[in-house]
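These notes concern the structure reproduced below.
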Amino acid sequence: MKDGGLTFAMICLTHSFTKNHQLSIIEKSITAATKDNTTMARLPQPGSDSDVWGDILNEYLSVAHASDGSLKSGISADKLVDGSTNKVFTAANETTLASLAPVATSGAYSDLTGKPATANPTLIIADDAPASWKLAAGVQLDGTDDAAALTTAINNGPVVLSPGTFTLNEPISVTATNPQLVGQGWSSVLKIADGTNDWAMIFTPGGDGVRGLFANFTIDGNSTNQTAGGGIHARGAVQSEFHFIHFLNCYDAGLWLAAFPDAAFGHHNKVTSCLFDATIASPGIGRGMLVTSNDENYVRSEFQFLGGTGSPTYAVRDMSGLNTYHASVFVGGRNDMGGIELRDGQRSKVVNCSFDGVSGTNVFVASSSAHIINDNMFTSVADQAASAGTYSGIRLEFAVTECVVTGNILETSGTAGRTHSLIREDGSGGTGINIVKHNVLRQSGSGTPSFGFTDMSGTGSLVADNAINGTIV
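Residues in the sequence shown are numbered consecutively from -11, following the numbering used here.
Dropping the structure here:
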């Protein structure tokens, strides 16, 4: 009985242990059976799956992995990475990328096919532009006749010019109301082709005029190979700005500010920091600016070595009046080219300008009135004139009245007799009632003027308090 009791107890203990172990085995079997019959492999769940974590995890991994840990064959890329957020770099992708490599590392934008439309501003690239510019997205021109492409571009939005030379066999026709043409400085050159005999650019405005910006380029008028034309014929220019433009060797004029085609006045334009220049005498007039039926303009620029083979004229010819010439510089001149002519208009101002060795008369006023000529500097007046004793610093010629000439400093040529006079007032046509005061008139070296420092023949003018060669008169 004793042995039987011990045996019974052992059986009970054994039964208890065996029961728990069997239950664990049964649970595993049920889990596996359930997965085989009704569910897919899953990851273990924290807080549950006691004692079967390893089995569940191994079963989950075995779906895609072999026993050695490598991926099973037949596992597609979209099973590995969610295609909505990531992409697998496949062999096909590698092949495609390799085919793009030559375009990505060499060539130009123009080599691409299916190019998108370029956004404004449009870059126009000259045929002889530096190589780096030809890699940019833009319109590549061939340099034979670039005017048509430039006309299309400027009338459809802002235009940027590359460095280089653009050849014009016809004018660029500007019809847009608000055009913009901006270069890279004077290395961006619009050159008129031989025998074009026209302007580099012509405005053909609508009712609102041309209200544009033109800046940072050169116009090469190529005057020796023309019989007409010039730089910009700005018909109907209104509140336009011409800035830092080099007008070079223009046949008739660099810039012509003119009326609308229907004869209405243009107005309120600005010409600033431009250079009107010539390296040779023009076969034509060869002036810098012509202003007709266009007023209330502001000019602050430089005019040098201009002139042509025709009758002597002026670097600026203003036939409108009501314009301002401020802090401009006039130097030299071919064929007795003068400085500024104010004719047939009223109320213009010439102030704070410098006239350095200008060949012809420096400021010439005719058939007009109420101009202000103040605070200017005149040196070596008529020193380079072809004929002695002909030209003066300031001349009021025909029917000139009510002008104010004050605060100027004028010096003669250093050669005796070359300067006619420093201030001259002709009496013809009723010239008179002008005010000439507080000017300084000086002799340079031995350069006595041929007709005196002042030569005043008008009626009723006030000439007083001027310092003439060291004496207040």
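By construction, the Cβ of each residue, glycine as well, lies at the ideal position given by its N, Cα and C atoms.
Residue range of the unbroken beta strand (DSSP E) whose run includes residue 362: To locate residue 362, count along the sequence shown from 1; it is residue 374. Segment 360 to 362, the beta strand (DSSP E) holding residue 362.
Range covered by the beta strand (DSSP E) that runs through residue 443: Position 455 of the sequence shown, counted from the first residue, corresponds to residue 443. First-last of the beta strand (DSSP E) with residue 443: 442 to 444.
Stretch pair the region 192 to 212 + the region 171 to 181: three plus CB contacts closer than 8 Å: Cβ pair count under 8 Å is three or more, so yes.
Residue 273 - DSSP class collapsed to helix/strand/coil: In the sequence shown, residue 273 corresponds to position 285, counting from 1. Here residue 273 sits in coil by DSSP.
Assigned secondary structure, residue 140 (DSSP; H/G/I helix, E/B strand, else coil): Indexing the sequence shown from 1 puts residue 140 at position 152. Taken through DSSP and simplified to helix, strand or coil, residue 140 comes out as helix.
Buried or exposed (CB count within 10 angstroms, at least 16 for buried), residue 81: Mapped onto the sequence shown, residue 81 falls at position 93. When all chains shown are included, residue 81 counts as exposed.
Coarse secondary structure for residue 47, derived from DSSP in three states: Locating residue 47 in the sequence shown gives position 59, counting from the first residue. Of the three classes helix, strand and coil, the one that applies to residue 47 here is helix, per DSSP.
Outcome for residue 441 when other beta-carbon atoms lying within 10 angstroms are tallied against a minimum of 16: As a working mapping, residue 441 is identified with position 453 in the sequence shown. Residue environment analysis places residue 441 among the buried positions, since at least 16 neighbouring C-beta atoms fall within 10 angstroms of its C-beta.
Rounded C-alpha distance that separates residue 145 from residue 448: Translated into positions along the sequence shown, residue 145 becomes position 157. Translated into positions along the sequence shown, residue 448 becomes position 460. Our two residues, residue 145 and residue 448, have alpha carbons roughly 56 Å apart in a direct line.
Within 8 Å, strictly: CB atoms of residue 159 and residue 112: Taking the first residue of the sequence shown as position 1, residue 159 is located at position 171. Taking the first residue of the sequence shown as position 1, residue 112 is located at position 124. Residue 159 is not a Cβ neighbour of residue 112, given a cutoff of 8 Å.
First and last residue of the uninterrupted alpha helix (DSSP H) at residue 121: Residue numbering aside, residue 121 sits at position 133 when the sequence shown is read from its first letter. Taken as a continuous stretch (DSSP letters only), the alpha helix (DSSP H) holding residue 121 covers 119 to 122.
Top-ranked residue by Cα proximity to residue 147, from 157, 156, 126: Along the sequence shown, read from residue 1 onward, the residue named residue 147 stands at position 159. Of 157, 156, 126, the residue nearest in Cα terms is 126.
Pick from 397, 408, 119, 403 that is closest to residue 430, judged by C-alpha positions: Within the sequence shown, numbered from 1, the residue matching residue 430 stands at position 442. Among 397, 408, 119, 403, the Cα nearest to that of residue 430 is on 397.
DSSP beta-bridge partners of residue 365: Within the sequence shown, residue 365 is the residue found at index 377, counting from 1. Bridge partners of residue 365 according to DSSP: 342, 397.
Residue span of the beta strand (DSSP E) that contains residue 390, given as start and end: For this step, residue 390 is matched to residue 402 along the sequence shown. Counting along the chain, residue 390 falls outside any beta strand (DSSP E), and DSSP gives it neither H nor E.
Simplified DSSP assignment, three categories, for residue 419: Here residue 419 corresponds to residue number 431 of the sequence shown, with the count starting at 1. For residue 419, the three-state secondary structure derived from DSSP is coil.
Pair within 8 Å by beta-carbon distance, residue 421 and residue 399: In the sequence shown, counting from the first residue as 1, residue 421 sits at position 433. In the sequence shown, counting from the first residue as 1, residue 399 sits at position 411. Not in contact: residue 421 and residue 399 (Cβ atoms no closer than 8 Å).
Backbone CA spacing between residue 301 and residue 276 [nearest angstrom]: Taking the sequence shown and counting its residues from 1, one reaches residue 301 at position 313. Taking the sequence shown and counting its residues from 1, one reaches residue 276 at position 288. Cα to Cα, the separation comes out at about 10 Å.
Whole-Å CB distance - residue 453 paired with residue 402, under 8 Å assumed: The count along the sequence shown starts at 1 and reaches residue 453 at position 465. The count along the sequence shown starts at 1 and reaches residue 402 at position 414. Between residue 453 and residue 402 the beta-carbon gap is near 27 Å, outside 8 Å, which marks them as no contact.
Straight-line gap, residue 254 to residue 236 (C-alpha atoms, nearest Å): Looking up residue 254 in the sequence shown gives position 266. Looking up residue 236 in the sequence shown gives position 248. Residue 254 and residue 236: Cα-Cα distance of roughly 24 Å.
Euclidean distance between Cα positions of residue 50 and residue 33: Taking the first residue of the sequence shown as 1, we reach residue 50 at position 62. Taking the first residue of the sequence shown as 1, we reach residue 33 at position 45. About 18 Å.
Distance CB(residue 293)-CB(residue 266) smaller than 8 Å: To locate residue 293, count along the sequence shown from 1; it is residue 305. To locate residue 266, count along the sequence shown from 1; it is residue 278. For the 8 Å CB-CB criterion, residue 293 and residue 266 form a contact.
Helix, strand or coil at residue 82 [DSSP, three-state]: As a position in the sequence shown, residue 82 is number 94, starting the count at 1. Annotated three-state conformation of residue 82 is helix, per DSSP.
Residue 162 versus residue 419: straight-line alpha-carbon distance, rounded: Mapped onto the sequence shown, residue 162 falls at position 174. Mapped onto the sequence shown, residue 419 falls at position 431. Cα to Cα, residue 162 sits roughly 42 Å from residue 419.
Rounded distance between the beta-carbons of residue 377 and residue 406, thought under 8 Å: For this step, residue 406 is matched to residue 418 along the sequence shown. For this step, residue 377 is matched to residue 389 along the sequence shown. Residue 406 to residue 377, Cβ: 7 Å. Contact.
Nearest residue (CA-CA) to residue 226, options 438, 240, 283: As a position in the sequence shown, residue 226 is number 238, starting the count at 1. With distances taken between Cα atoms, residue 226 lies closest to 283.
Cutoff 6 Å; reference residue 256; Cβ partners in own chain excluding five residues on either side: Position 268 of the sequence shown, counting from 1, holds the residue named residue 256. Non-local C-beta neighbours of residue 256 in its own chain, meaning closer than 6 Å and more than five positions away in sequence, comprise 227, 284, ordered along the chain.
Residue environment, residue 28, which counts as buried when at least 16 other CB atoms sit within 10 Å: On the sequence shown, position 40 is the one that residue 28 refers to. Exposed, since its Cβ has fewer than 16 Cβ neighbours within 10 Å.
Rounded C-alpha distance that separates residue 192 from residue 155: Position 204 of the sequence shown, counting from 1, holds the residue named residue 192. Position 167 of the sequence shown, counting from 1, holds the residue named residue 155. One C-alpha to the other measures close to 21 Å.
For residue 185, the nearest candidate out of 142, 200, 211 (CA to CA): Taking the first residue of the sequence shown as position 1, residue 185 is located at position 197. Answer by Cα proximity: 211.
Cα-Cα separation between residue 315 and residue 132, rounded to whole angstroms: By one-based count along the sequence shown, residue 315 stands at place 327. By one-based count along the sequence shown, residue 132 stands at place 144. Taking the straight line joining both Cα atoms gives about 39 Å.
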